[in-house]
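K.L.:
Quick note: the sequence shown, position 98, residue 98 per full-length UniProt numbering, numbers continuous.
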Amino acid sequence: MTDWLTPQEWQAVALSLRVAVWATLAALPLGLLTAFALARWQFPGKQIVNGLVHLPLILPPVVTGYLLLLTFGTRAPLGSFLAELGIVFAFRWTGAALAAGIMAFPLMVRAMRLSIEAVDPKLEQAAATLGASRTWVFATVTLPLILPGILAGSVLAFAKAMGEFGATITFVSNIPGQTQTLPSAIYAFLQVPGGEGSALRLVLVSVGVAMGALLLSEWLARRVARRVS
């Protein structure tokens, strides 16, 4: 691939992979907790939480990026406080990972929630009647059953994070070598004469990654159905 892509193109692909991996890993624990809460728990404001989780799917991505800039920008109260601790998101690759993680979060939660809801609670109750603690029941009964759903949600989140553009470019701009991910690199190449070839190569990479992620997600979803049935 290094022979097929130029150094600048490869840099954008490598940064996108880095951003997508960290976005997925960072969102995974909170995504699993949120999915479990929405699937199993009853609490005041549950529908509000569900709406907030899915809000990035219906908001224009630029709005999400602007809200991140207002929250984590270096002049924002929270952003300036974090900057004093050495944690900076705005116009950094870490900010791209944050934006991508937020945009991918609803897809991750939805896949995990459907997997959790498909598990028969009677199986967990049976384990509990044998004296197993809640933690042990989750680790030995629930988790193995929902693991394909967790993997499917993670794959979808990774693919979404790889393709995130609007929120990312609004929050961290399009700085080559620092915040220029694959989608923003395609956009940049299309703005200059003679950049169509580079844009086309990156488009092919994007299509390949997206198709691979979707096929893997479908395969994992079928495993969920077979295991639960």
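C-beta atoms are modelled at their ideal positions from N, C-alpha and C, and glycine is treated no differently.
Restricting to runs no shorter than 3 residues, where is the beta strand (DSSP E) found entirely within the region 147–189?
P.N.:
none
K.L.:
State the Cα-Cα distance for the pair Ala157 and Ala12, rounded to the nearest angstrom.
P.N.:
19 Å
K.L.:
Using the rule of at least 16 other Cβ atoms within 10 Å of the residue's Cβ for burial, across every protein chain shown, is Met112 buried or exposed?
P.N.:
buried
K.L.:
Would you call Glu9 buried or exposed, if buried means 16 or more other Cβ atoms sit within 10 Å of its Cβ?
P.N.:
Classification of Glu9: buried, given that the 10 Å Cβ count is 16 or more.
K.L.:
Does DSSP put Phe89 in a helix, in a strand, or in coil?
P.N.:
Assignment of Phe89 by DSSP, reduced to helix, strand and coil, places it in the coil class.
K.L.:
Have a look at Ala185, Trp219, Thr179 and flag the residue whose alpha-carbon is nearest the alpha-carbon of Ile150.
P.N.:
Trp219
K.L.:
Confirm, please, whether the CB-CB distance from Ala161 to Ala97 is below 9 Å.
P.N.:
Against a cut-off of 9 Å, the Cβ pair of Ala161 and Ala97 comes out as a contact.
K.L.:
Roughly how many angstroms separate the alpha carbons of Arg92 and Ile146, rounded to a whole number?
P.N.:
Answer to the nearest angstrom: the Cα atoms are 34 Å apart.
K.L.:
Across the region 79–88 and the region 131–138, are there enough close Cβ pairs to call them in contact, namely three or more that are closer than 8 Å?
P.N.:
no
K.L.:
Can you tell me whether DSSP reads Gln191 as helix, strand or coil?
P.N.:
coil
K.L.:
Among the candidates Pro193, Glu164, Gly194, whose CA atom is the shortest distance from the CA of Thr24?
P.N.:
Taking Thr24 as reference, the option from Pro193, Glu164, Gly194 with the minimal CA-CA separation is Glu164.
K.L.:
Check for me: the alpha helix (DSSP H) holding Pro7 runs from which residue to which?
P.N.:
For Pro7, the enclosing alpha helix (DSSP H) starts and ends at 7–40.
K.L.:
So what's Ala75 in DSSP terms, helix, strand or just coil?
P.N.:
Residue identity check: residue 75 is Arg in the sequence provided, not Ala. Note: Arg75 maps to coil in three-state DSSP.
K.L.:
Give the single residue among Leu17, Ser80, Gly73, Leu32 whose Cα lies nearest to the Cα of Pro148.
P.N.:
Leu32
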